[in-house]
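Asker: At position 79 of the sequence shown the residue is numbered 79 (UniProt numbering), and the sequence of numbers has no breaks.
Note that the Cβ used here is the ideal one computed from N, Cα and C, for glycine as well.
Note that the coordinates shown come from a computational prediction; the quantities given were computed from them, not determined experimentally.
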Amino acid sequence: MRGQCHQNSSVAQLPNRFHRPWPLQMKSEQSNDHVVKEAYVMSQDYIRYVTGRTSKPAPSKASAALRHAGDDLLEKYPIFFKRWPRIFREVCSDDACDYLFKLLDEHFQPEKPWQKKELTWSGILSIYVLAGQLAKHCQANGMESVLEELEFNVGQYVERKVCPHIKEKGGWSGFIERFAKKEEPEHTVFRACCGMLLLLGAMSLAYYIYRRRLC
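1. I need the straight-line Cα distance from ASN141 to ARG48, nearest angstrom please.
2. Does the separation of the CB atoms of ALA131 and LEU150 fall below 8 Å?
3. Apart from the five residues just before and just after SER43, which ones in its own chain have a Cβ nearer than 6 Å to its Cβ?
4. Which whole-angstrom value is the C-beta distance of HIS165 and LEU100, which I expect to be below 8 Å?
5. Restricting to Cα atoms, I'd like to know which of MET143, PHE108, THR54, ALA65 is closest to CYS97.
6. Does the beta-carbon distance from TYR40 to ARG67 come in below 8 Å?
7. Looking at the secondary structure, which residues open and close the alpha helix (DSSP H) in which SER126 lies?
8. Leaving out the 5 sequence neighbours to the left and right, which residues in its chain are closer than 6 Å to ARG178 when beta-carbon positions are compared?
9. Would you mind giving the Cβ-Cβ distance between LEU73 and VAL129, rounded to the nearest angstrom? I have them listed as a contact below 8 Å.
10. Among ALA64, SER55, LEU104, LYS61, whose alpha-carbon lies nearest the alpha-carbon of LEU134?
11. Using C-beta distances below 8 Å, list every residue in its chain close to THR188, excluding the 5 sequence neighbours before and after it, in chain order.
12. Excluding five sequence neighbours on each side, which residues of the same chain lie with their C-beta closer than 6 Å to the C-beta of residue 217?
13. Let me check understanding here. Comparing Cα to Cα, which of LEU125, CYS163, PHE175, LYS169 lies closest to VAL36?
14. Report the rounded CA-to-CA distance for ALA62 versus ARG86, giving the unit in angstroms.
15. Can you tell me whether SER145 is buried or exposed, with buried defined as 16 or more other CB within 10 angstroms of its CB?
16. How would you call ILE127, buried or exposed, if buried means at least 16 neighbouring beta carbons within 10 angstroms?
17. Exposed or buried, LYS136, counting other C-beta atoms within 10 Å across all chains shown (16 or more means buried)?
18. Just grab the DSSP bridge partners of CYS97 for me.
19. In angstroms with no decimal places, state the Cα-to-Cα distance between GLU75 and ALA58.
20. Give me the Cα-Cα distance between CYS92 and PHE175, rounded to the nearest whole angstrom.
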């Protein structure tokens, strides 16, 4: 049955490394750190956006940039999104978040312990895009109860793993500059190049996960 764990599933044995969420709005409102607060706002908005659970405008410039980048990627490279059903075939409601973070940890872990793997804006984008695809998979397979938990835990993951790097970059302004929708004709070539970088960054994650799942 979809959404139900099997006893022999390796994913079912994943530890729950994240606390059960308190309301996401409370978390984002209580945070005095703009970088952290934005991470939660983006997580909630993007997951609700891709699952059709909000019709409101994006609540921030970074959220709007995330929406645009995800839509642009889907429009230009639809084949990229067709891989996820196979990747997520073992996911169930009890382990969806841990499953996602296990895959992300494997990807972002340096090849050697003493190395520091640089997080690019495309890599950060891929976290949210992948979370959005997992949310859509859960919604399509009768696991809607996971969505709010996923919204919070993705924000928590970004807070723990990504926000320190974003602070080093000076905040979310670089993300906005990189991925925000640009109306001026002179930006056409730039957007095409940006789309290719998005594809390479996100598909490197997809290929790595896909290869590991087939091993």
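Answerer: In short, the structure shows the following:
1. 16 Å
2. yes
3. Around SER43: GLU151, VAL154, GLY155.
4. Incorrect: roughly 19 Å between the Cβ atoms, too far for contact.
5. Ranking the options by Cα distance to CYS97, first place goes to MET143.
6. no
7. 121-140
8. TRP121
9. Right, the Cβ-Cβ distance comes to about 7 Å (below 8 Å), so this counts as a contact.
10. LEU104
11. Note that THR188 scores a pLDDT of 48, beneath 50, so its modelled location is shaky; the value from the coordinates is reported in the next line. Taken in chain order, the list of residues that qualify is empty.
12. Outside the displayed range of the chain (1 to 215) lies residue 217, so it cannot be described from this structure.
13. CYS163
14. Looking at the two C-alpha atoms, the distance is approximately 30 Å.
15. exposed
16. buried
17. buried
18. The partner list for CYS97 (beta bridge, DSSP) is empty, contrary to what the question assumes.
19. For GLU75 and ALA58, the distance between alpha carbons rounds to 19 Å.
20. 32 Å
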